[in-house]
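Quick note, the sequences are listed as chains A and B, same order.
Each residue of the first sequence is one higher than the last, beginning at 210 in the working numbering.
Each residue of the second sequence is one higher than the last, beginning at 210 in the working numbering.
Glycine is no exception: its CB is placed at the ideal position from the N, C-alpha and C atoms.
For clarity, every value in this text was computed on a predicted model and none was experimentally measured.
Note sheet for the following structure.
There are 2 protein chains.
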Amino acid sequence: MDVDWIAVDWGTTHPRAWAMGPNNEVLDRRTSGADTENLRPEEFETALLHLITPWLSSEKTPVIACGAVGATPGWTAVPCNPRTAMPILSATKDPRLTLYILPGVSQASPADVMWGEEIQTAGVIEENPQFDGVLCLPGTHTKWVHVSAEEIVSFRTAMTGELFALLSAQSVLRQVVDGEDLDQNAFDTAVTETLSRPERLAQSLFNIRAEALLHGQGNAVSRARLSGLLIGADLAAARPYWLGQQVLVAGAPQLSALYSRALEMQGVPCLVRDAGALTLAGLCGARARLTEA
Amino acid sequence: MDVDWIAVDWGTTHPRAWAMGPNNEVLDRRTSGADTENLRPEEFETALLHLITPWLSSEKTPVIACGAVGATPGWTAVPCNPRTAMPILSATKDPRLTLYILPGVSQASPADVMWGEEIQTAGVIEENPQFDGVLCLPGTHTKWVHVSAEEIVSFRTAMTGELFALLSAQSVLRQVVDGEDLDQNAFDTAVTETLSRPERLAQSLFNIRAEALLHGQGNAVSRARLSGLLIGADLAAARPYWLGQQVLVAGAPQLSALYSRALEMQGVPCLVRDAGALTLAGLCGARARLTEA
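Below, the structure written as structure tokens:
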């Protein structure tokens, strides 16, 4: 396997890497099982090596990384074209790689930051420079991105995925939402409830437990209600982004399906794309800029 | 020390017990450091004994407990007078105690449950049978209780304390809200924000992190904003309870101060009472019913 360069998406939860050929063909891919959220900056290189070592050789391999890496090399403020950001050379101890890190994107007011999602956005523009509209990038931290004229105009973040993970694994709700099944009708109802009455959210969450205790509400309904209430709250906050727009949704497949279902219930037409493919397209663009520079 | 009976408040986080004399004088008090939230029902007796063993003797001591004990002996549905609930004899292995557990209170629609707060409510009515109004009992799960004619008419629960604990200790916000200081102005602003625009909550939470990263927002402000956003969401949901009412707030002193401050900003007059004293008054009432029965 002749690895020309390595693309890395250093997400909060599951860092991913691609071994790339000289014509940007994917030779191999790996996902880390490590918990990178609690990494200290000085631990980043070891964790990165753990992910990409099988692809390193005696020659220096260029590695281009986006996301919440240990030492963030700063932010580019909006409005900005995410396809013009130059990867920044970053010091490493291991002589087998040359590490480049992409800067994140910041917004002064309302204050917001992204690391990694700007590369997905770049990927959308790589594929369609005419794209004018809104991206919904659901995940641990869901991003809503307004794109126009090849620029990120504005964006906002909701902690929807992280709230769902904390509440479903560690709160008093954990027993009643345990499992994988999701009742679609219950999800739809819960989304509509929070969108129409967002002020009720604080009480609706505990109500999930009470319905299970008193009325035998099953886990598939309880889990769907928790998901629907939180995605409904996310959509309520993001209404200025999606109202009257076409939205491109790109996240993990199951999560994208839930967001696009919730949006389509509001009459919003959605396109669903694979987030990984967009990230890779964005990283390939960054690789081209580096080669041309 | 001649312990006549033992009062137990088995809260989700910090179980408390009082050693009581024959005239309901408090001889001693203890708080458990154990994590009771994850107790299995069969582990309850051991945990209880760990808390009260110093007070047990060769004679059987009556123990009256309220709260989320291992085996809940059912619920009384609203409307109900919490001063009439009879403690229910519960089996124990240890011969040194006779354990009585108070039933919780349930509400069919909107589905809700309480274990323990009905005894605080009973304590309010013990002290003032004429009480007609609203109790706000902040804690892990904040309860809003409408009391009239010595009855609990209706109530609702918000997971405010649990959300604050999860987000401040385990989420991406944990580093920026670390500490004890709370900026009062930032708290006030955040409460007002969620009360006037509850639909923005989902994005306001992540904004705390971004303000810290981009604009150097200090931890005392960040922590106050997290607290204020969540208490604001709680108040937004509970508006039908407090609007145009006098509210009696009873929780831990710091938390009661925050809730009464937030309510008074909305023009709601508040009385603040010590939650422990109310619980004890309620348990003394239950002891009297048991003796008279």
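Beta-carbon proximity of residue i to residue j, cut-off 8 Å
| i | j | result |
| --- | --- | --- |
| Pro-296(B) | Val-362(B) | no |
| Pro-312(B) | Gly-348(B) | no |
| Gly-491(A) | Ala-331(A) | yes |
| Val-456(A) | Val-430(A) | no |
| Ala-228(A) | Leu-236(A) | yes |
| Thr-403(B) | Leu-410(B) | yes |
| Cys-275(A) | Ile-215(A) | no |
| Trp-219(A) | Ala-300(A) | no |
| Leu-265(B) | Leu-306(B) | yes |
| Ala-495(B) | Ile-273(B) | yes |
| Ala-419(B) | Asp-321(A) | yes |
| Glu-246(A) | Thr-221(A) | yes |
| Ala-447(B) | Trp-353(B) | yes |
| Asn-416(B) | Pro-319(A) | yes |
| Leu-489(B) | Cys-479(B) | no |
| Glu-359(B) | Asn-290(B) | yes |
| Tyr-365(A) | Gln-339(B) | Per the sequence presented here, residue 365(A) reads as Arg, with Tyr not at that position. No. |
| Leu-423(A) | Ala-294(B) | no |
| Met-323(A) | Val-400(A) | no |
| Val-356(B) | Val-333(B) | yes |
| Pro-224(A) | Asp-213(A) | no |
| Glu-514(B) | Pro-462(A) | Nothing about residue 514(B) can be read from this structure; chain B reaches only from 210 to 502. |
| Ser-217(A) | Leu-257(A) | Here residue 217(A) turns out to be Val, not Ser, going by the sequence shown. A contact, by the Cβ cut-off of 8 Å. |
| Glu-252(A) | Lys-302(A) | no |
| Ala-484(A) | Leu-298(A) | no |
| Thr-500(B) | Asp-443(B) | no |
| Val-343(B) | Tyr-450(B) | yes |
| Leu-464(A) | Leu-376(A) | no |
Residues bridged to residue i [DSSP beta-bridge criterion]
| i | result |
| --- | --- |
| Phe-253(A) | BP columns for Phe-253(A) are empty, so no partner. |
| Leu-344(B) | Val-354(B), Leu-457(B) |
| Ser-363(B) | His-355(B) |
| Ile-215(B) | Ala-228(B), Val-272(B) |
| Asp-390(B) | Paired residues: none, contrary to the question. |
| Thr-240(A) | Arg-225(A) |
| Val-235(B) | Met-229(B) |
Host alpha helix (DSSP H) of residue i (start-end)
| i | result |
| --- | --- |
| Trp-451(B) | 448-451 |
| Asp-397(A) | 393-405 |
| Ala-411(A) | 410-424 |
| Leu-376(A) | 369-379 |
| Thr-330(B) | 326-336 |
C-beta neighbour in chain D for residue i, strict 8 Å
| i | result |
| --- | --- |
| Arg-470(A) | The structure shown contains no chain D; the protein chains it does contain are A and B. |
Where the beta strand (DSSP E) containing residue i begins and where it ends
| i | result |
| --- | --- |
| Met-323(B) | 321-323 |
### Message
Going residue by residue through the region 455-491 of chain B, where are the continuous alpha helix (DSSP H) segments of at least 4 residues, counting only ones entirely within it?
### Response
The region 455-491 of chain B contains these whole alpha helix (DSSP H) runs: 462-474.
#### Entry: Three or more C-beta pairs below 8 Å linking the region 377-390 of chain B and the region 429-443 of chain B
Judged by Cβ distances under 8 Å, the region 377-390 of chain B makes contact with the region 429-443 of chain B, as three or more pairs qualify.
### Query
Can you give, in chain order, each stretch of the beta strand (DSSP E) that sits fully within the region 258-318 of chain B and has at least 3 residues?
List check, beta strand (DSSP E) in window: 270-276, 284-286, 297-299, 306-310, 313-316.
### Three CB pairs or more closer than 8 Å across the region 360-379 of chain B and the region 435-443 of chain B
Output reads yes: the region 435-443 of chain B touches the region 360-379 of chain B.
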